[in-house]
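Colleague: Protein chains in written order, with our numbering: chain A, 1 to 284; chain B, 1001 to 1352. Backbone N, C-alpha and C fix where the C-beta goes; we use that ideal spot for every residue, glycine too. Every value quoted in this text rests on a predicted model; they were computed, and no experiment measured them. First the structure, which I've put down as structure tokens, then a few questions once you've had a look.
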Amino acid sequence: MKRIKLALIPYSAYALIFIVAPILLILLYSFQDSSGSFTLENYARFFDLSDPVYLKVLWRSIKLAVISTVICLILGYPMAYILSRLPARIRGTVSFLFILPMWMNFLLRTYSWMSLLERTGLINSLIGWFNGILPSALQLPTLDIMYTQWAVVLGNVYNFLPFMILPIYTVLIKIDKSLIEAAQDLGASRGRVFRKVIFPLSLSGVVSGISMTFMPAVTTFVISRLLGGGQNALIGDMIENQFKVVGDWGFGSAMSVILMVLILLTMNVIQRYESENSGGSVLM
Amino acid sequence: MSENLIRLENVHKDYGGKQVLKSINLSVRDKEFVTLLGPSGCGKTTTLRIIGGFETPTSGVVYFDDQKYNDVPPHKRQVNTVFQRYALFPHLDVFENVAFGLRIRKTPESEVRDSVSKMLRLVNLSGYEKRSVTSLSGGEQQRIAIARALVNRPRVLLLDEPLGALDLKLRKEMQTELKHIQTQLGITFIYVTHDQEEALTMSDTVVVMNRGRIQQIGTPIGIYNEPINAFVADFIGESNIVDGVMNEDLVCTFAGRTFECTDSGFEKDELVDVVIRPEDLKMVPPEDGMLQGVVESIVFKGVHYEMTVRCGDMTWLVHSTLPEVCGTFVGLKVAPFDIHIMRKSEAEDEEN
């Protein structure tokens, strides 16, 4: 016991210096004006209803993150399910293929989407080529989503999909096969087995997946800047802007705190919903 | 309704080229308690899973009530299973676990309540409705698994080593209880176990299996008293099995002398297995014994003592209620009808 306590010291020190202290600092900054005295001005500015520019950005961030998360779930769950049903020897290779893009730099991946989606990018060149050989009645429209919110959603989904698939897949492969047989034995058809046993048992994976896609999606600033252009700035862009361009650390900190509280609240709600339904969760 | 509820006809099962079941022929009567007994890997669980619909036979036919059942999926069979490790649904409470099958069949709510509470009473777990199944002990989980299967009023209940994970005392209790439930509800039970005592206590019919083949089918008494080959004799109860020669009808030779026995119909001088139950060897003064030897070890077993007696290069297992001191020179006597002569097992010859 004593030895375990000793071993905890470096970790506690790490947590204190690199996690607790920065959060406290941000909290502190958020209540300070530029001269360092106490103020609520930073928060008041954010929630100013006469000029809700920041609330609009927050709303857009949440909206795009929710849309991206839902799309990730719709794409990711069936994928995870199919993956979990594959024979064990193929399963390893296929899940490896899903992780493979994650080995590449995140920025690089996002930049490559830029060149794919651009007005003169690869996709539109292909469409142009097809239009060249297709009769005029079958002309394809050019893809023009670069610098729109849809491009941001696409970037989010592309980058965060593996984080949805993997936790669901991990939970699915751990479900005891005899539970599925028991459900069949008690009269459940394939669809019923899925609805009454497999899906409820995989909820903890779904919750982790949602957490792991929603959190980076709501805070991202790289994807929105590269694919969304200036007019689709998200809360992450605003925070970065305050620190790096404007230099108003107090306001930037206040926005960080608001975002943090928001994430904590959402996660809490989801977790509570999940633990009521199945007990046992993966995150938090 | 035909007399045989379930019939397996010449069922074979291969797994990746390996034969795990070889020409299984088995009939189960309505309301019968049948036990598939054998060592692990003998094919007993595979046989059960074929009846449950979780495996399809490579060849052969499964009949249920004279209907061909091979391609009927598990959820359409009038059969329910109690799984080896219970397989209770961890996301549902006790009530919902038991009610699962009824809900699938869209039973009216009032009927669900009635049936579930009746079943919980049957397995002595009334009042457990709202408990989480993960909080239950092994024995309680086992009972819930049984209630969950029985609530659907199956024609046949399949039990895959259901008591394997319980301690000895609980196992004995559950054996009696299961037998009681079976007679009370009048349901056919097909029970898989590797525990010969369990098989003998509970069953109407015991099916002894080894290496994917049925070795013998019979009543517990029949199988114990008249094992068909050395494998069955060895697996059911304890036995002394020695090589012998059948000189002629009613006369055999083993352990260096000739004995009178009650078997006939063997070839002259055919090599056989001679099986003698330890309780059939009587310890007598050396001069009265057919064999003489020295007591090598003695272990107290509760009702009897288990002793080994060394006669030359052979060791005999003897059960007796009277102890004998190690090192004593004793005689052993056996009655002619307690000497069981068996043909050398054909199945094993084929394998080796």
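In three-state terms, what does DSSP make of A/ARG119?
Modeller: Note: A/ARG119 maps to coil in three-state DSSP.
Colleague: Please tell me whether A/PRO200 has its Cβ less than 7 Å away from any Cβ of chain B.
Modeller: So yes, A/PRO200 belongs to the interface.
Colleague: By how many angstroms is the C-alpha of A/VAL207 removed from the C-alpha of A/PHE251?
Modeller: Cα to Cα, the separation comes out at about 32 Å.
Colleague: Can you look up B/HIS1304 in the DSSP assignment and give me helix, strand or coil?
Modeller: Coil at B/HIS1304, not helix or strand.
Colleague: Round the Cβ separation of A/ILE239 and A/SER256 to the nearest angstrom and send it over; I've been treating them as touching at under 8 Å.
Modeller: Correct: roughly 6 Å between the Cβ atoms.
Colleague: Could one say the Cβ of A/SER208 lies closer than 7 Å to chain B's Cβ atoms, at least one of them?
Modeller: Cβ-Cβ to chain B under 7 Å: no for A/SER208.
Colleague: Identify the continuous alpha helix (DSSP H) that holds B/VAL1112 and give its terminal residues.
Modeller: B/VAL1112 -> alpha helix (DSSP H) spans 1109-1122.
Colleague: At 8 Å on the CB atoms, spell out the chain A contacts of B/ASN1080, in chain order.
Modeller: Within 8 Å Cβ-Cβ: ASP185, LEU186.
Colleague: I'd like to check one pair, B/ALA1199 with B/THR1205: are the Cβ atoms closer than 7 Å?
Modeller: Not a contact, by the Cβ cut-off of 7 Å.
Colleague: Let me confirm a value: B/ARG1257 is counted as buried when at least 16 other C-beta atoms fall within 10 Å, else exposed. Which label applies?
Modeller: Result: exposed.
Colleague: Grouping DSSP H, G and I as helix and E and B as strand, with all else coil, what is B/LEU1322?
Modeller: Coil, per DSSP.
Colleague: State the DSSP-derived secondary structure class of B/CYS1252, mapped to helix, strand or coil.
Modeller: Here B/CYS1252 sits in strand by DSSP.
Colleague: So for B/GLY1043, helix, strand or coil by DSSP?
Modeller: Reduced to three states, the DSSP call for B/GLY1043 is coil.
Colleague: Once the 5 residues before and after A/GLN242 are set aside, which same chain residues still bring their CB inside 6 Å of it?
Modeller: If we look at A/GLN242 and ignore the five residues flanking it on each side, its Cβ neighbours are ASP248, PHE251, GLY252.
Colleague: Report the residue from A/ALA7, A/PHE96, A/LEU97, A/SER204 whose alpha carbon sits nearest the alpha carbon of B/HIS1091.
Modeller: Cα-wise, what sits closest to B/HIS1091 is A/SER204.
Colleague: Residues in the same chain with beta-carbon distance under 6 Å from A/ILE71, minus the five sequence neighbours each way, listed in chain order, please.
Modeller: Cβ neighbours of A/ILE71 beyond the five flanking positions: VAL157.
Colleague: Distance check for B/ARG1155 and B/LYS1169, CA to CA, integer angstroms please.
Modeller: Approximately 29 Å, taken between the alpha carbons.
Colleague: Tell me, please, which residues DSSP counts as bridged to B/TYR1191.
Modeller: Partner(s): B/THR1035, B/LEU1159.
Colleague: So, for B/VAL1079: in the same chain, excluding its five sequence neighbours on each side, which residues have a beta-carbon less than 8 Å away from its beta-carbon?
Modeller: ILE1051, GLY1052, GLY1053, PHE1064, PRO1154, ARG1155, VAL1156, LEU1157, LEU1158.
Colleague: Are there three or more Cβ pairs, one per stretch, closer than 8 Å when the stretch 1275-1288 of chain B is compared with the stretch 1314-1323 of chain B?
Modeller: Cβ pair count under 8 Å is three or more, so yes.
Colleague: Examine chain E for any beta-carbon lying closer than 7 Å to the beta-carbon of B/GLY1017, and answer yes or no.
Modeller: Looking for chain E here will not work: the only protein chains present are A and B.
Colleague: Excluding sequence positions up to five away, which residues of its chain have a Cβ less than 6 Å from the Cβ of B/GLY1327?
Modeller: If we look at B/GLY1327 and ignore the five residues flanking it on each side, it has no Cβ neighbours.
Colleague: Over what stretch of residues does the beta strand (DSSP E) that includes B/ARG1277 continue unbroken?
Modeller: First-last for B/ARG1277: undefined, no H or E at that position.
Colleague: Quick check on A/ILE19: does DSSP put it in helix, strand or coil?
Modeller: Helix.
Colleague: Under a CB-based cut-off of 7 Å, is B/HIS1319 close to chain A?
Modeller: Not an interface residue.
Colleague: Of the residues B/VAL1274, B/SER1203, B/LEU1048, which one's Cα is nearest the Cα of B/PHE1033?
Modeller: It is B/SER1203.
Colleague: Return the CA-CA distance between B/GLU1096 and B/VAL1061, expressed in angstroms with no decimal places.
Modeller: Near 36 Å, if we compare the C-alpha coordinates of B/VAL1061 and B/GLU1096.
Colleague: Would you please verify whether the beta carbon of B/ALA1087 is less than 7 Å from any beta carbon of chain A?
Modeller: So, interface residue.
Colleague: Starting from B/MET1342 and walking both ways along the beta strand (DSSP E), at which residues does that stretch end?
Modeller: Its beta strand (DSSP E) spans residues 1340-1343.
Colleague: If you measure between the beta carbons of A/ILE123 and A/LEU140, is that distance less than 7 Å?
Modeller: Taking 7 Å as the Cβ cut-off, A/ILE123 and A/LEU140 do not qualify as a contacting pair.
Colleague: For B/ARG1171, collect the residues of the same chain with a Cβ closer than 7 Å to its Cβ; drop the 5 residues on either side in sequence, then sort them by chain order.
Modeller: Within the same chain, B/ARG1171 has close Cβ partners LEU1163.
Colleague: Does any residue of chain B bring its CB to less than 7 Å from the CB of A/GLU181?
Modeller: Yes, its Cβ sits closer than 7 Å to a Cβ of chain B.
Colleague: Please work out which residues of its chain come closer than 7 Å, Cβ to Cβ, to A/LYS56, disregarding the five sequence neighbours upstream and downstream, and give them in chain order.
Modeller: Closer than 7 Å at Cβ, skipping near neighbours: no residue.
Colleague: Using CA coordinates, which residue listed in B/PRO1336, B/SER1059, B/ASN1004, B/GLY1016 is at the minimum distance from B/ILE1024?
Modeller: Checked all of B/PRO1336, B/SER1059, B/ASN1004, B/GLY1016; the closest Cα to B/ILE1024 is B/SER1059.
Colleague: Just the chain A side, please: which residues come within less than 7 Å of B/ILE1104 by C-beta, in chain order?
Modeller: The contacting residues are LEU186, GLY187, ALA188, ARG192.
Colleague: State the start and end residues of the unbroken alpha helix (DSSP H) segment that holds B/GLN1141.
Modeller: Start and end: 1138-1150.
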